[in-house]
Amino acid sequence: MSTDPMQQLHSWLKDAHAMEEQAEQMLTAQAKRLEHYPKLQERITQHIEETRSQASRITECLESMDTSTSTMKDLGAKFAAMGQAIGGSMASDEVVKGGIASYAFEHFEIANYRALIAAADQLGQDRIREVCEGILKEEMAMAKWLEDNLDEVTRAFLARAESDELQGKR
Ligand code: MG
Ligand code: FE
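Sequential numbering of the sequence shown, starting at 25, is according to the numbering used here.
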């Protein structure tokens with residue numbers, strides 16, 4: 025059974041919208057627990073704003089396609105497992121685990137937008153391609169920031185653990 029190509033693009037955009045809603049939830053949960061890591065908290069808060077804007081840019085793309093079918097029912101469950109890894113953990117090392125999971129999730133987003141860009145390009149949907157290229161840049165910048173800062177976050181976490189240990193806090 026083959027799917028109409030435009031319908032396929034529409035369906036992938038809906039998945040991207042669900043992905044961004046999941047991202048917003050995860051990042052919001054994560055940001056709340058980073059009071060000891062202000063640089064990371066600030067960058068994540070910035071990316072929450074970007075993520076909200078990405079979701080609305082994707083919604084505009086979906087609306088521009090006037091594909092009559094499907095409602096905007098999101099496939100949140102698809103990403104629930106990854107969401108738990110990022111936002112749901114209350115483990116003591118959650119700042120490190122969350123940083124690792126966020127780094128992985130940004131690359132998942134990058135892969136999704138690369139595929140969307142190819143699809144939109146092939147179908148001559150220039151506006152949708154441009155929107156996805158803009159979002160891709162933001163995801164790559166976030167992935168790069170995490171790449172550049174995971175070392176420092178991990179060291180800061182261990183230093184805090186050591187100092188808590190010395191003060192008999194654990
Ligand atoms: Mg995103
Ligand atoms: Fe992202």
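Built from N, CA and C at the ideal position, the CB exists for glycine as well.
Does the ligand MG have a heavy atom nearer than 6 Å to the CB of residue i?
i	result
Glu45	no
Glu48	no
Gln70	no
Glu157	no
Thr75	yes
I believe residue i touches residue j by the beta-carbon criterion, under 8 Å. Please report the beta-carbon distance rounded to the nearest angstrom.
i	j	result
Asn134	Ala167	For the sequence presented, residue 134 should be read as Ile rather than Asn. Right, the Cβ-Cβ distance comes to about 6 Å (below 8 Å), so this counts as a contact.
Tyr127	Leu190	Incorrect: roughly 30 Å between the Cβ atoms, too far for contact.
His41	Ile82	5 Å
Return yes when the C-beta of residue i is under 6 Å from any heavy atom of the ligand FE, and no when it is not.
i	result
Met164	no
Glu84	no
Glu130	yes
Distance cutoff 7 Å, beta carbons only. Does residue i sit that close to anything in chain B?
i	result
Val155	Looking for chain B here will not work: only one protein chain is present.
Segments assigned alpha helix (DSSP H), at least 4 residues, entirely inside the region 27-56: You should have 29-55.
For the pair the region 32-40 and the region 139-155, tell me if three or more CB-CB distances fall below 8 Å. At 8 Å Cβ cutoff, the stretches touch.
For the region 43-61 against the region 71-80, are there 3 or more C-beta pairs whose distance is under 8 Å? Contact between the region 43-61 and the region 71-80 is present, because at least three Cβ pairs lie under 8 Å.
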